[in-house]
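*Asks:* Below is one structure. I have some questions about it.
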Amino acid sequence: MSSGPAQNASLALAKRTFRTRKMRDSFYVIVGLSATILGMVTLSALVFTLYSDGHERFTYEFFTNFPSRSAVKAGILSAWVGSLLVIVSTALIGVPLGVTSGIYLEEYAPKNWITAIIEINVNNLAGVPSIIFGLLALGLFVYVFGLGKTILTAGLTLALLILPIIIVSTREATRAIPGSIREAAFAVGATKWQVIWDHVLPYASAGVLTGTIIGIGRAIGETAPLVTIGALTYIAFLPPSPISLEPPFVNFDWLFSPFTVMPIQTYNWTSRPDPAFHANAAALALTLLCTTLTINATAIVLRYRLRKRIKW
Amino acid sequence: MNKGLLGAASVAGLSAAILVGFTMTASAAETKIITIDGSSTVFPISEAVAEEYQAANPNVRVTVGISGTGGGFKKFCRGEIDISDASRPITGSEMTACKAAGVDYVELAVAFDALTVVINPANTFAETLTVAQLKTMWEPAAEGKVTMWNQIDPSFPAEPLKLFGPGTDSGTFDYFTEAVNGKSKASRADYTASEDDNTLVQGVAQEKGGIGYFGLAYYAANADKLKAVKIDGGKGGVSPSKETVIDGTYNPLSRPIFIYVNAASLDKPEVRGYVDFYLDNAAKLSEEVGYIRLPAEAYSAGKEHVANKRVGTVFGGKNEVGV
Chain A
2 MSSGPAQNAS LALAKRTFRT RKMRDSFYVI VGLSATILGM VTLSALVFTL
52 YSDGHERFTY EFFTNFPSRS AVKAGILSAW VGSLLVIVST ALIGVPLGVT
102 SGIYLEEYAP KNWITAIIEI NVNNLAGVPS IIFGLLALGL FVYVFGLGKT
152 ILTAGLTLAL LILPIIIVST REATRAIPGS IREAAFAVGA TKWQVIWDHV
202 LPYASAGVLT GTIIGIGRAI GETAPLVTIG ALTYIAFLPP SPISLEPPFV
252 NFDWLFSPFT VMPIQTYNWT SRPDPAFHAN AAALALTLLC TTLTINATAI
302 VLRYRLRKRI KW
Chain Y
-19 MNKGLLGAAS VAGLSAAILV GFTMTASAAE TKIITIDGSS TVFPISEAVA
31 EEYQAANPNV RVTVGISGTG GGFKKFCRGE IDISDASRPI TGSEMTACKA
81 AGVDYVELAV AFDALTVVIN PANTFAETLT VAQLKTMWEP AAEGKVTMWN
131 QIDPSFPAEP LKLFGPGTDS GTFDYFTEAV NGKSKASRAD YTASEDDNTL
181 VQGVAQEKGG IGYFGLAYYA ANADKLKAVK IDGGKGGVSP SKETVIDGTY
231 NPLSRPIFIY VNAASLDKPE VRGYVDFYLD NAAKLSEEVG YIRLPAEAYS
281 AGKEHVANKR VGTVFGGKNE VGV
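Chains as they are written, first to last, in the working numbering: chain A, 2 to 313; chain Y, -19 to 303.
And the structure:
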């Protein structure tokens, strides 16, 4: 108790540092909050502008009419059906390829310099500008393989584009599964494939799904690679139906149909001289935004449900 | 299966059902496809004609793409498309490419466009400009040097000169540089370039010293924000309009725009029918989308060329001005 003044001094120091820390803490709260608000304000301003410009165009006909030279009669039927079919083919091609390579790289591939190179390249591929994929697809799919300017070519192109995202998320989801699960399965005599099929894949499905849907969300807004492979601007008919009433009920003729997609139609309308088309473009942009939002919301809900199933 | 997956499956099933509903109706009869690609300037006319032609002929389908005049000719000369939209005549190198691939073509003018030079409404001194003055501001030698309005004419105020124009891939750029600077694609490069003409409209509308050029349709839609410059080609200033283009006084910035039809495709009845329909309706439909009709004789001459399959170009591979 004799060191009264020293104790007071150290107490004052402690108070001072405590106050500085508190100040830093509240400073970060302000910075973080402003950053969040900035993002939210930008997004809501965008949505608000699109809505006020385009809300009058949200009619039933807008979704069921083909494009037209008259802005009021023009609709987005060929654009949304085209986008939907392109995305379906992208997922059908990209997901099996991506998940298989992800599983192989994580579970089977020997850890040597070849896999290291593959790994680096997969990560690099995720950062390649999408127009490069378009150029590759134009040369390879359209001219070498002769697939033409079809939905199949578009699906293959966008599948390549989202492949790195799916591979990386599959690997991360697989890696997050505790080793004890695998060891337990091996211990009761399961083969590697049984372990993967019965344990690794079900547990990883939430992560794989999230990666897939993020990829799809990116692919649906892509314009550049599709313009490069020759997506159309005006098309007033739909691809042949994938399902028919006569046997064999399912057909794949639609894969070889010409197409357009929502971002291309939006761009075409914004570049028109007549301002009435700009309202159409705003309505279509909002539709695209809502589609992406729905896709992402689905991802969140599915991930939540799948996670709840996991009982370790 | 848990509820989440069921939900997703039902959403997918629902969209598939909607899709079937729409596509079932369309897949009934044997259908034929006519493929068109090329200039974004010609696109609105080809789209309008396609719309009307498909309404009249439900078994024929027409697709129109936009890859620019040059991009369109690349595909055309590979034989990938039936018709190429072009905002300028075919060039010498494109003729060589078509010849090498054995693609013969019928050249058809479909409408006039008036390249319009626009200034800010607050600009009261440059309401009339001569072609020589336009050249002073746009020629390659002006790059970095001509930056003020009083360098164009000493009587103009010392206002900064802000230039706006289309990008170098555009047929409009090719035509303007040929007409004003005397050589296609010869232009100063230090101007604000955009492939989207609405961006150019915004630029000139916001800059007091702004000047830019694009097709008449974009001026007509924005006449409240911009002022069209009267062009003096030697006989006094002339405003761009339907009348001055038709009587030939809006010179040298009025230009014809074209479609090129693959001669082999003309043997297909649907393509022949489409081209005839195009020439019959181009006068009305081109004005509806902001262009100017050709004289009636031009369309009947075009129909004769189609009937006789007169192949080749009358422009000799050069970008001609003032035709």
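C-beta atoms are modelled at their ideal positions from N, C-alpha and C, and glycine is treated no differently.
For clarity, every value in this text was computed on a predicted model and none was experimentally measured.
So, at 7 Å on beta carbons, what are the nonlocal neighbours of A110/A in its own chain, with the 5 sequence-adjacent residues on each side left out?
*Replies:* Excluding residues within five positions, the ones whose Cβ falls inside 7 Å are T116.
*Asks:* Give the interface partners of V44/Y over in chain A, defined as CB-CB distance under 9 Å, in chain order.
*Replies:* In chain order: L233, T234, Y235, I236.
*Asks:* Could you tell me if K81/A is buried or exposed, where buried requires 16 or more neighbouring beta carbons within 10 angstroms of its beta carbon?
*Replies:* Strictly speaking, residue 81/A in this sequence is Trp, with Lys absent from that position. So W81/A ends up on the buried side.
*Asks:* What in chain A is Cβ-close to N37/Y, meaning under 9 Å?
*Replies:* Residues of chain A passing the Cβ test: none, with the nearest at roughly 12 Å.
*Asks:* Taking the Cβ atom as the reference point for each residue, do V42/A and V209/A lie within a distance shorter than 7 Å?
*Replies:* It is not a contact, given that the beta carbons lie outside the stated cut-off.
*Asks:* Is the distance from the Cβ of K188/Y to the Cβ of A122/Y below 7 Å?
*Replies:* No, the pair does not count as a contact, with Cβ atoms beyond the cut-off.
*Asks:* Scan the region 140 to 208 of chain A and note each continuous beta strand (DSSP E) run of 3 residues or more that stays entirely inside, going in chain order.
*Replies:* As far as the region 140 to 208 of chain A is concerned, it has no whole beta strand (DSSP E) run of at least 3 residues.
*Asks:* Could you list which residues in chain Y have their beta carbon closer than 7 Å to that of S69/A, in chain order?
*Replies:* Result: E31.
*Asks:* Between the Cα of S258/A and those of I239/Y, G192/Y, T43/Y, spot the shortest distance and give me the residue it belongs to.
*Replies:* Residue T43/Y is the option with its Cα nearest to S258/A.
*Asks:* Excluding five sequence neighbours on each side, which residues of the same chain lie with their C-beta closer than 8 Å to the C-beta of I296/A?
*Replies:* Answer for I296/A: I214, I217, G218, I221, listed in chain order.
*Asks:* What residues are listed by DSSP as bridge partners for S64/Y?
*Replies:* Beta-bridge pairing links S64/Y to D17/Y, Y240/Y.
*Asks:* CA-CA distance, D177/Y and A282/A?
*Replies:* Taking the straight line from one Cα to the other gives about 16 Å.
*Asks:* Quick check on Y198/Y - is its C-beta less than 7 Å from some C-beta in chain A?
*Replies:* Output row for Y198/Y: interface = yes.
*Asks:* Is there contact here, the region 123 to 140 of chain Y with the region 188 to 197 of chain Y, by at least three beta-carbon pairs under 8 Å?
*Replies:* Contact holds: three or more Cβ-Cβ distances are below 8 Å.
*Asks:* Which same chain residues end up closer than 7 Å to G1/Y when comparing Cβ atoms and leaving out the 5 residues on each side of it in sequence?
*Replies:* Its pLDDT being 46, under 50, G1/Y is placed unreliably by the model, and the measurement read from it follows with that caveat. Hits under 7 Å: none found.
*Asks:* Which class does D247/Y belong to by DSSP, given the choice of helix, strand or coil?
*Replies:* Looking at D247/Y - three-state DSSP - the assignment turns out to be helix.
*Asks:* Determine whether the Cβ of S170/A lies closer than 7 Å to any Cβ atom of chain Y.
*Replies:* Output row for S170/A: interface = no.
*Asks:* Assuming F238/A contacts R41/Y (C-beta within less than 8 Å), just tell me the rounded distance between them.
*Replies:* Yes, F238/A and R41/Y are in contact; Cβ-Cβ is about 5 Å, under 8 Å.
*Asks:* Along the chain, where does the alpha helix (DSSP H) containing R306/A start, and where does it finish?
*Replies:* Unbroken alpha helix (DSSP H) run through R306/A: 276 to 310.
*Asks:* Using a beta-carbon distance below 7 Å, is S272/A in contact with chain Y?
*Replies:* Closer than 7 Å: yes.
*Asks:* Do you know offhand how far S53/A's Cα is from I77/A's?
*Replies:* Looking at the two C-alpha atoms, the distance is approximately 19 Å.
*Asks:* Name the DSSP bridge partner or partners of T172/Y?
*Replies:* DSSP, once it has assigned bridges, lists F144/Y as partnering T172/Y.
*Asks:* Determine the DSSP secondary structure at S102/A, reduced to helix, strand or coil.
*Replies:* S102/A falls in the helix class under three-state DSSP.
*Asks:* Check each candidate in V48/A, R183/A, F142/A and name the one with the smallest Cα separation from V201/A.
*Replies:* Selected option, being the one with the closest Cα: R183/A.
*Asks:* Report the option in Q34/Y, A106/Y, G82/Y, E60/Y whose CA atom is closest to the CA atom of A208/Y.
*Replies:* It is A106/Y.
*Asks:* Span of the alpha helix (DSSP H) holding V126/Y?
*Replies:* Unbroken run through V126/Y: none, as it is neither H nor E.
*Asks:* Leaving out the 5 sequence neighbours to the left and right, which residues in its chain are closer than 8 Å to R306/A when beta-carbon positions are compared?
*Replies:* Counting only Cβ-Cβ distances below 8 Å, and skipping sequence neighbours, we find nothing.
*Asks:* Tell me the DSSP bridge mates of D93/Y?
*Replies:* Beta-bridge pairing links D93/Y to R235/Y.
*Asks:* Straight-line CA distance for P275/Y to S90/A?
*Replies:* Their Cα atoms are separated by approximately 49 Å.
*Asks:* Do you know how far the Cα of T171/A is from the Cα of A185/A?
*Replies:* Whole-angstrom Cα-Cα distance: 22 Å.
*Asks:* Could you round the C-beta distance between L259/Y and L88/Y to whole angstroms and report it? I think they count as a contact, below 8 Å.
*Replies:* 7 Å between Cβ atoms; contact.
*Asks:* Using DSSP with H/G/I as helix, E/B as strand and the rest coil, what is G76/A?
*Replies:* Here G76/A sits in coil by DSSP.
*Asks:* Can you say whether A284/A is buried or exposed, counting buried as having 16 or more other CB atoms within 10 angstroms of its CB?
*Replies:* Buried is the call here.
*Asks:* Go ahead and pull the three-state DSSP assignment for G162/Y.
*Replies:* G162/Y falls in the coil class under three-state DSSP.
*Asks:* Report the option in E74/Y, A66/Y, P38/Y whose CA atom is closest to the CA atom of I16/Y.
*Replies:* Of the listed residues, the one whose Cα sits closest to I16/Y is A66/Y.
*Asks:* Which of the three DSSP states is assigned to I46/Y in this structure?
*Replies:* Of the three classes helix, strand and coil, the one that applies to I46/Y here is coil, per DSSP.
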